[in-house]
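This report refers to the structure that appears directly beneath it.
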Amino acid sequence: MKAIVYEQYGSPEVLQLKEVALPCLKPNEVLIKVHATTVTAADIMMRTGKPAIGRLYLGIKAPKRTILGFEFAGEVVELGSSVTLFKIGDKVFGGTTTLGCYAEYVCVSEQDVLTTMPENLSYEAAAPVTGSAITVLNFLKGKANVQPNQKVLINGASGGVGTYAVQIAKYLGADVTAVCSTGNIDMVKSLGADHVIDYTQADFTKNGVQYDVIFDTVSKRTFSECKNALTPKGVFMPTVLNGTLFFQMMWTSIIGGKKVKSSSTGLLPAKERIIYLMEIKELLKTGKIKTVMDAHYPLSQMEAAHAYVEKGHKKGNLVITVN
Ligand SMILES: NC(=O)c1ccc[n+]([C@@H]2O[C@H](COP(=O)([O-])OP(=O)(O)OC[C@H]3O[C@@H](n4cnc5c(N)ncnc54)[C@H](OP(=O)(O)O)[C@@H]3O)[C@@H](O)[C@H]2O)c1
Numbered sequence: 143m144k145a146i147v148y149e150q151y152g153s154p155e156v157l158q159l160k161e162v163a164l165p166c167l168k169p170n171e172v173l174i175k176v177h178a179t180t181v182t183a184a185d186i187m188m189r190t191g192k193p194a195i196g197r198l199y200l201g202i203k204a205p206k207r208t209i210l211g212f213e214f215a216g217e218v219v220e221l222g223s224s225v226t227l228f229k230i231g232d233k234v235f236g237g238t239t240t241l242g243c244y245a246e247y248v249c250v251s252e253q254d255v256l257t258t259m260p261e262n263l264s265y266e267a268a269a270p271v272t273g274s275a276i277t278v279l280n281f282l283k284g285k286a287n288v289q290p291n292q293k294v295l296i297n298g299a300s301g302g303v304g305t306y307a308v309q310i311a312k313y314l315g316a317d318v319t320a321v322c323s324t325g326n327i328d329m330v331k332s333l334g335a336d337h338v339i340d341y342t343q344a345d346f347t348k349n350g351v352q353y354d355v356i357f358d359t360v361s362k363r364t365f366s367e368c369k370n371a372l373t374p375k376g377v378f379m380p381t382v383l384n385g386t387l388f389f390q391m392m393w394t395s396i397i398g399g400k401k402v403k404s405s406s407t408g409l410l411p412a413k414e415r416i417i418y419l420m421e422i423k424e425l426l427k428t429g430k431i432k433t434v435m436d437a438h439y440p441l442s443q444m445e446a447a448h449a450y451v452e453k454g455h456k457k458g459n460l461v462i463t464v465n
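All you need for the numbering used here is the position in the sequence shown, starting with 1, plus 142.
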């Protein structure tokens with residue numbers, strides 16, 4: 143099968159299209175013919191091996207798993223001997239921490255974050271759900287417990303996480319303020335944002351408004367900057383923690399009204415993430431949320447796709463079409 147292989151950390155050129163053997167199917171796995179996968183900020187971190195702490199999992203000097211890609215949508219083409227939950231021909235989507243989705247076929251455990259696709263969804267719209275939409279539900283519902291009429295601000299509202307965040311915050315009944323640049327204002331309004339702030343023209347931390355939740359999907363702001371823009375029991379939620387934020391998260395969990403909360407969604411047990419996936423599936427099925435898609439790239443143009451995502455200005459999600 144064709145796959146994008148990387149044998150060293152580095153710039154997008156380390157990603158090479160190669161012919162490799164089909165993955166070996168274990169008894170509890172299904173073999174999926176991949177139709178769509180994605181390139182996310184997490185893939186960029188895995189390709190570069192930065193921050194270096196990630197190498198404890200990926201491999202210290204070189205990647206142990208040489209095929210990246212954790213999100214997929216595709217069709218079940220073979221079943222392991224003990225599989226009971228799926229059948230051949232099922233259209234499925236999900237994500238796997240064992241990676242390998244930058245390929246024509248991937249093996250995924252039936253106990254992993256995997257489910258059948260709603261009929262109204264294309265492979266391209268289904269592939270980005272596991273990384274971004276589940277993260278949003280984990281943050282806004284799981285960690286912040288957003289309630290109707292609360293004021294929620296989404297910083298980075300035009301990105302992969304941000305576009306789902308605007309819609310899911312609306313679904314939870316919040317009054318939503320989206321922060322993006324001038325060119326993305328119409329797009330985030332179309333997703334349901336009640337208010338939009340253009341970050342090139344105004345600073346949301348200085349407009350005198352206080353929010354119950356500030357979800358910094360792109361981790362561009364600090365807790366100190368946002369503190370005055372939080373209500374007395376407000377929560378600041380960055381998607382990526384540095385040392386200072388980690389300390390502030392620990393400290394505010396013990397004392398003080400305003401909190402820092404975060405989570406590594408991909409590290410939650412699959413049985414927790416599948417519950418979120420089932421809720422997202424229902425929202426997609428009923429049209430309450432949709433996937434915003436930036437450009438599509440074919441598998442052979444993975445290098446260009448990585449270079450584009452690395453610039454940090456994609457709109458919604460970047461999908462790779464495979465088969
Ligand atoms: N903790 C977790 O469980 C978890 C899970 C998934 C992802 N993440 C992390 O979440 C982060 C975001 O991922 P993503 O896929 O949403 O990123 P992304 O799609 O690559 O973000 C790009 C978007 O960010 C906007 N942006 C750039 N600079 C901005 C600024 N200063 N203020 C406001 N918006 C700005 C861009 O808009 P403009 O072009 O207008 O600037 C663009 O639309 C990544 O760091 C990822 O690693 C964490």
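For each residue, glycine too, the CB sits at the ideal point set by N, CA and C.
- In this structure, residue 217 places its C-beta atom within 7 angstroms of the C-beta atom of residue 233.
- Going by DSSP, residue 385 is part of the alpha helix (DSSP H) stretching over 385-396.
- Going by beta carbons, residue 304 and residue 310 fall outside the 7 angstroms limit.
- Judged by DSSP in its simplified three-state form, residue 208 adopts coil rather than helix or strand.
- According to the DSSP secondary-structure assignment, residue 378 is paired through a beta bridge with 356 and 402.
- When 314, 276 and 353 are compared, the shortest CA-CA separation from residue 409 is found for 276.
- Beyond the five residues adjoining it in sequence on each side, residue 187 comes within less than 8 angstroms, by CB distance, of 193 and 196 in the same chain, given in chain order.
- Apart from sequence neighbours up to five positions away, the residues of its chain that approach residue 367 with a beta-carbon distance below 6 angstroms are 347, ordered along the chain.
- The closest heavy atom of ligand 1 lies less than 6 angstroms from the beta carbon of residue 341.
- For residue 170, the CB contacts under 7 angstroms within the same chain, skipping 5 residues up- and downstream, are 222, 224, 225, 251, 252 and 253 in chain order.
- Taking C-beta atoms under 8 angstroms as the contact rule, residue 459 and residue 334 fail to qualify, at a distance of about 17 angstroms.
- Distance from the CA atom of residue 432 to the CA atom of residue 312, rounded to whole angstroms, is 13 angstroms.
- Rounded to whole angstroms, residue 377 and residue 391 show a C-alpha spacing of 10 angstroms.
- Relative to the non-hydrogen atoms of ligand 1, the Cβ of residue 308 never comes closer than 6 angstroms to any of them.
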